[in-house]
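Undergrad:
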Amino acid sequence: MVGQHSGGSVVLRLLSALVALFVGLAACAPPGDQPRTPDIAQGSVQAGVPSLPRELERDVGPVYGDAALQAYVDRVGQKLVAQSGVSGNFRFVVLDQPYPNAHAAGGYVMVTRGLLALLDDEAELAAALGHEVGHVVERHAAHRARARQGVLDAALEAAVSTGSVSVGRSVARDGLLALRRYSRDQELEADRIGVSLLVRAGYRGSAMASLIDKLRRQGQLELQLMGEAPEAADRRGSTSTHPAPAERREALRDLPQAAMPGESNRATYLAAVNGIMVDDSPQEGFVRGNRFLHPVMKLAFEAPADFRLFNDTDGVLGVGRDRSLLFF
Numbered sequence: 083m084v085g086q087h088s089g090g091s092v093v094l095r096l097l098s099a100l101v102a103l104f105v106g107l108a109a110c111a112p113p114g115d116q117p118r119t120p121d122i123a124q125g126s127v128q129a130g131v132p133s134l135p136r137e138l139e140r141d142v143g144p145v146y147g148d149a150a151l152q153a154y155v156d157r158v159g160q161k162l163v164a165q166s167g168v169s170g171n172f173r174f175v176v177l178d179q180p181y182p183n184a185h186a187a188g189g190y191v192m193v194t195r196g197l198l199a200l201l202d203d204e205a206e207l208a209a210a211l212g213h214e215v216g217h218v219v220e221r222h223a224a225h226r227a228r229a230r231q232g233v234l235d236a237a238l239e240a241a242v243s244t245g246s247v248s249v250g251r252s253v254a255r256d257g258l259l260a261l262r263r264y265s266r267d268q269e270l271e272a273d274r275i276g277v278s279l280l281v282r283a284g285y286r287g288s289a290m291a292s293l294i295d296k297l298r299r300q301g302q303l304e305l306q307l308m309g310e311a312p313e314a315a316d317r318r319g320s321t322s323t324h325p326a327p328a329e330r331r332e333a334l335r336d337l338p339q340a341a342m343p344g345e346s347n348r349a350t351y352l353a354a355v356n357g358i359m360v361d362d363s364p365q366e367g368f369v370r371g372n373r374f375l376h377p378v379m380k381l382a383f384e385a386p387a388d389f390r391l392f393n394d395t396d397g398v399l400g401v402g403r404d405r406s407l408l409f410f
């Protein structure tokens, strides 16, 4: 009959229409689920350096090959776990990545060597690890996964019941925006839990604020390198999965623990990270301005002058000032 569609046809059309909306949603959560009782059944330790399960390593990159540094970061992390009331096994791992980042997946809490190079003391390391442990304690990734499935179910139901792909797409879009607001709330909750853990472990409560300040300045630098106003680092759009640094700092002002005194252990931290590799590793090649050089593979190329290059294990991404993309 003219103007009517079968339910199956609507579902297929809606699924195609929703692909673009849901592709970016994976950024709202780290790879894998975060169980309340982590299970480290996979992975091992070789010459003091932990290894990750193969599937996880494909997502997050290789482990940094410094056994002493790996052991140090794990010791700091285990001090926080002891204060969390969470049972099960945690493994704290340093990733061989030059950019500052931290996340948790499948019982592993991971920080990059790029983040370690940015920090000033052990208390700031504890703040970064405590934030990620906070995500695990509250099962944030599992909650987000259920919420994402709920959005998809609601969008499909709306499309089938109305016979309109547009209605389903609108429901999905509104749901995704709500999920991103939910993700931002989870980040603030992880900050609060992280402060509580680091203070109970004996560290200064102000370490979370100083960590956020460092990440804010790093974000400003990245924007400047892209030719954008650094003030944009203090703003967030409706599609952002993380609150702006200023919002995170403001939330910390309401926490009495955030001003509690405690240890910084700066000398210990600086000794532990002394000699850490900064920037790209020779095995992955180097970015120098708009040029990429790979001494192992003996290749080099140059991107247009207005492009910024980002090196990763999967390839080299170029981002232009007009947000056009190149991938090598």
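Our numbering applies: residue 83 is where the sequence shown begins, and numbers increase by one. Idealized CB from N, CA, C, for every residue including glycine. All values reported here derive from a predicted model rather than from experimental measurement.
1. Could you tell me the distance, in whole angstroms, from the CA atom of residue 336 to the CA atom of residue 370?
2. Could you check how far apart the C-beta atoms of residue 218 and residue 184 are, in whole angstroms? I think they sit under 8 Å.
3. Using a Cβ distance threshold of 8 Å, determine whether the stretch 335 to 354 contacts the stretch 131 to 141, with at least three qualifying pairs required.
4. Nearest to residue 375 by CA position, among 386, 362, 358, is which residue?
5. Could you check how far apart the C-beta atoms of residue 280 and residue 208 are, in whole angstroms? I think they sit under 8 Å.
6. Please report how far the alpha carbon of residue 339 lies from the alpha carbon of residue 353, in whole angstroms.
7. For the beta strand (DSSP E) holding residue 295, just list the boundary residues, first then last.
8. Is DSSP giving residue 284 helix, strand or coil here?
9. Please report the distance separating the alpha-carbon of residue 287 from that of residue 408.
10. Would you kindly work out how many angstroms separate the C-alpha atoms of residue 356 and residue 198, rounded to a whole number?
11. Does the Cβ of residue 148 have 16 or more other Cβ atoms within 10 Å, making it buried, or fewer, making it exposed?
12. Quick one: residues in its chain with C-beta nearer than 7 Å to the C-beta of residue 306, no 5 flanking neighbours on either side, listed in chain order?
13. DSSP three-state call for residue 403: helix, strand or coil?
14. Taking the alpha-carbon positions, what's the residue 419 to residue 153 distance?
15. Which word fits residue 393, buried or exposed, when buried means at least 16 other C-beta atoms lie within 10 angstroms of its C-beta?
16. So the candidates are 172, 216, 196; which of them puts its Cα closest to the Cα of residue 160?
17. Mind checking residue 291: buried by the 16 CB within 10 Å criterion, or exposed?
18. Hey, would you say residue 174 sits closer than 8 Å to residue 202, going by beta carbons?
19. Can you tell me whether residue 382 is helix, strand or coil according to DSSP?
20. Report the rounded CA-to-CA distance for residue 266 versus residue 397, giving the unit in angstroms.
21. What residue ranges within the stretch 313 to 364 form continuous beta strand (DSSP E) runs of no fewer than 3 residues, ordered along the chain?
22. In the DSSP output, which residue or residues are listed as bridge partners for residue 411?
23. Just verifying my parser: in three-state terms, what is the DSSP assignment at residue 110?
24. Label residue 373 either buried or exposed according to how many other C-beta atoms from any shown protein chain fall within 10 Å of its C-beta, with 16 as the threshold for buried.
25. If you measure between the beta carbons of residue 299 and residue 165, is that distance less than 8 Å?
26. I'd like to check one pair, residue 333 with residue 404: are the Cβ atoms closer than 8 Å?
27. So, with DSSP's three-state summary, where would you put residue 181?
28. Out of 204, 200, 177, 181, which one is the CA nearest neighbour of residue 191?
TA: In this structure, then:
1. 43 Å
2. 12 Å between Cβ atoms; not a contact.
3. no
4. 362
5. 4 Å
6. 28 Å
7. Premise fails: residue 295 lies in the alpha helix (DSSP H), 289 to 307, not in any beta strand (DSSP E).
8. Three-state DSSP puts residue 284 in coil, outside helix and strand.
9. 42 Å
10. 10 Å
11. With 16 or more other Cβ atoms from the protein chains shown falling within 10 Å of its own Cβ, residue 148 counts as buried.
12. 312
13. In this structure, residue 403 counts as coil in the three-state DSSP scheme.
14. Outside the displayed span of the chain (83 to 410) sits residue 419, for which this structure offers no information.
15. Buried: at least 16 other Cβ atoms inside 10 Å.
16. 172
17. buried
18. no
19. Shown here, residue 382 sits in a strand according to DSSP, grouped into three states.
20. 30 Å
21. As far as the stretch 313 to 364 is concerned, it has no whole beta strand (DSSP E) run of at least 3 residues.
22. Nothing in the structure corresponds to residue 411, since the chain is present only between 83 and 410.
23. Bear in mind that a pLDDT of 42 at residue 110, under 50, signals an unreliable position, so the model cannot answer this.
24. exposed
25. no
26. no
27. coil
28. 177
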